[in-house]
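Chemist:
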Amino acid sequence: MSPNDRYGSDVLSGDWRAPKRGRSTPTPAEPDLVVEEVETGWVGAVVRVEKAGGMHVVHLEDRRGRTKAFPLGPGFLLDGAPVTLTPPVAASGAALAEARKAASRTASGSVAVAGARAKVASGSRIYVEGRHDAELVEKVWGDDLRVEGVVVELMDGVDDLAGIIAEFQPGPGRRLGVLVDHLVPGTKEARIVGQAQALPGLAQHVRILGHPYVDVWQSVRPERLGWQQWPVIPRGTSWKHGICAELGWAHASQADIANAWKRILGTVRTYADLEPTLLASVEELIDFVTEPGA
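With UniProt numbering, letter number 164 in the sequence shown gets 164, and the count goes up by one each step, no holes.
Set out below in structure tokens:
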């Protein structure tokens, strides 16, 4: 060391910014790995890693059997040294396998037909009440319907359902499936459907099914919006406006309502995000209008 060098070698050489405990090391969160969460001091063994709310979460079980969840990533100590927890190798492989499996399925759960072109539209149709119904059916069953050549059309309400059916002129090779909102006993919709079903000579070529929900919005599982169940909106309040208010979303204009539906529809990934009653009705209507030789 030079006698004129008060500090010896270059004080800035090496990793002078390194924390006292050292740099954090990426470490897979394998089961039974014991770590400490820095902020809370919680010490526990990894029991599972899962994806929740769009992020990976690690569950740590302490020596008393209590379990607590933390975001996967930095902020943990392993034997006193900082680590960044990463998804376990087995979980990553399983996730990859699941992704590949999902890629081979359509949103409705059907086997995807690679490279299939849409068929020329058949004479049969599926009618739905409004635009939101059509957009939901398209998102989940669109791939299947294009392969089958089935078109979904809007009725803009069911008040003149008998006239709509008569105008369609159902017959051999021209079946009609109709999806009706809020189809429960004692309602206006049930009465209208009963009148339409009484039309002579149409039973073989027309099938009318529905779901019990006030609006097709309600057929989306409430968990997708962070609820255990859809709120009950008081009588006298527009149902859609009431739902937007419960969610804290703007609802002053029709554009606000349209944007709210887009946000709700955006939570739907596959058929698993919809209520079984709607699934059963739509699947039966698709089967009905695509039945061979119909």
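In this text, a Cβ means the ideal position worked out from N, Cα and C, and glycines have one as well.
Is DSSP giving residue 295 helix, strand or coil here?
Modeler: Only positions 1 to 294 of the chain appear in the structure, and residue 295 is not among them; the question remains open.
Chemist: Out of Asp-79, Ile-243, Val-49, which one is the CA nearest neighbour of residue 295?
Modeler: Nothing can be reported for residue 295: it is not among the residues displayed for the chain, which extend from 1 to 294.
Chemist: Between Glu-129 and Met-155, how many whole angstroms is the CB-CB distance? I'm expecting something under 8 Å.
Modeler: Rounded, the Cβ-Cβ distance is 6 Å, consistent with contact.
Chemist: Span of the beta strand (DSSP E) holding Val-35?
Modeler: Element bounds for Val-35: 34-37.
Chemist: To which residues does DSSP link Tyr-127 through a beta bridge?
Modeler: Answer by DSSP bridge pairing, in chain order: Glu-153, Val-178.
Chemist: Beta-carbon within less than 6 Å of Gly-44's beta-carbon, same chain only, minus the 5 sequence neighbours each way: which residues are those?
Modeler: Here the set comprises Leu-60, Glu-61, Asp-62.
Chemist: Should Gly-65 be labelled buried (16 or more other beta-carbon atoms within 10 Å of its own) or exposed?
Modeler: Classification for Gly-65: exposed.
Chemist: Quick test of the definition: if touching needs 3 or more C-beta pairs under 8 Å, does the stretch 217-235 touch the stretch 185-193?
Modeler: Not touching, per the Cβ criterion.
Chemist: I'd like the list of long-range same chain contacts for His-241, defined as Cβ closer than 6 Å, with 5 residues on each side in sequence excluded.
Modeler: So the list reads His-251, once near-sequence residues are dropped.
Chemist: Quick check on this structure: which residue in Leu-77, Arg-174, Trp-42, Glu-39 has the alpha carbon closest to the alpha carbon of Pro-28?
Modeler: Of the candidates Leu-77, Arg-174, Trp-42, Glu-39, the one whose C-alpha sits nearest the C-alpha of Pro-28 is Leu-77.
Chemist: Decide if Asp-133 is buried, meaning its Cβ has at least 16 other Cβ atoms within 10 Å, or exposed.
Modeler: That one is buried.
Chemist: Does Leu-96 come out as helix, strand or coil in the three-state DSSP assignment?
Modeler: Confidence at Leu-96 is low in this model, with a pLDDT of 49, below 50, so the placement of that residue is unreliable and no value is reported for it.
Chemist: Hey, how far is the Cα of Glu-37 from the Cα of Val-58?
Modeler: If you take the alpha carbons of Glu-37 and Val-58, they lie about 11 Å apart.
Chemist: Where does residue 318 sit, in a helix, a strand or coil, going by DSSP?
Modeler: With the chain covering 1 to 294 only, the question about residue 318 has no answer from this structure.
Chemist: Using beta-carbon positions only, say whether Ile-264 and Val-232 come within less than 7 Å of one another.
Modeler: Contact: no.
Chemist: Could you tell me which of Thr-25, Ile-208, Ala-280 sits nearest to Asp-79, measuring between CA atoms?
Modeler: The shortest C-alpha separation from Asp-79 is found at Thr-25.
Chemist: Is Glu-291 helix, strand or coil when you go by DSSP?
Modeler: The answer is coil: DSSP assigns Glu-291 none of H, G, I, E or B.
Chemist: Spatial neighbours of Thr-267 within its chain, please: CB distance less than 6 Å, with the 5 preceding and 5 following residues excluded, ordered by chain position.
Modeler: Excluding positions up to five away in sequence, the list reads Arg-224.
Chemist: In the DSSP assignment, what residue or residues form a beta bridge with residue 312?
Modeler: There is no way to answer for residue 312, as the model of the chain reaches only from 1 to 294.
Chemist: Have a look at Ser-238, Trp-217, Val-47 and flag the residue whose alpha-carbon is nearest the alpha-carbon of Gln-229.
Modeler: Taking only the C-alpha atoms, the option nearest Gln-229 is Trp-217.
Chemist: Start and end of the alpha helix (DSSP H) containing Leu-265?
Modeler: Start and end: 254-266.
Chemist: Check each candidate in Tyr-127, Thr-290, Ala-69 and name the one with the smallest Cα separation from Thr-40.
Modeler: Nearest of Tyr-127, Thr-290, Ala-69 to Thr-40, Cα basis: Ala-69.
Chemist: Would you mind reading off the limits of the alpha helix (DSSP H) that contains Leu-247?
Modeler: Looking at the DSSP string, the run of the alpha helix (DSSP H) that includes Leu-247 is 239-247.
Chemist: Might you give, ordered along the chain, the residues of its own chain that have their beta carbon closer than 8 Å to the beta carbon of Met-55, omitting 5 neighbours on each side?
Modeler: Contacts found: Pro-71, Leu-72.
Chemist: Helix, strand or coil, according to DSSP, for Ile-192 in the structure here?
Modeler: Reduced to three states, the DSSP call for Ile-192 is helix.
Chemist: Check whether the Cβ atoms of Leu-199 and Ser-281 lie closer than 7 Å to each other.
Modeler: It is not a contact, given that the beta carbons lie outside the stated cut-off.
Chemist: Within 10 angstroms of its Cβ, does Ser-253 collect 16 or more other Cβ (buried), or is it exposed?
Modeler: By the 10 Å Cβ count, Ser-253 comes out exposed.
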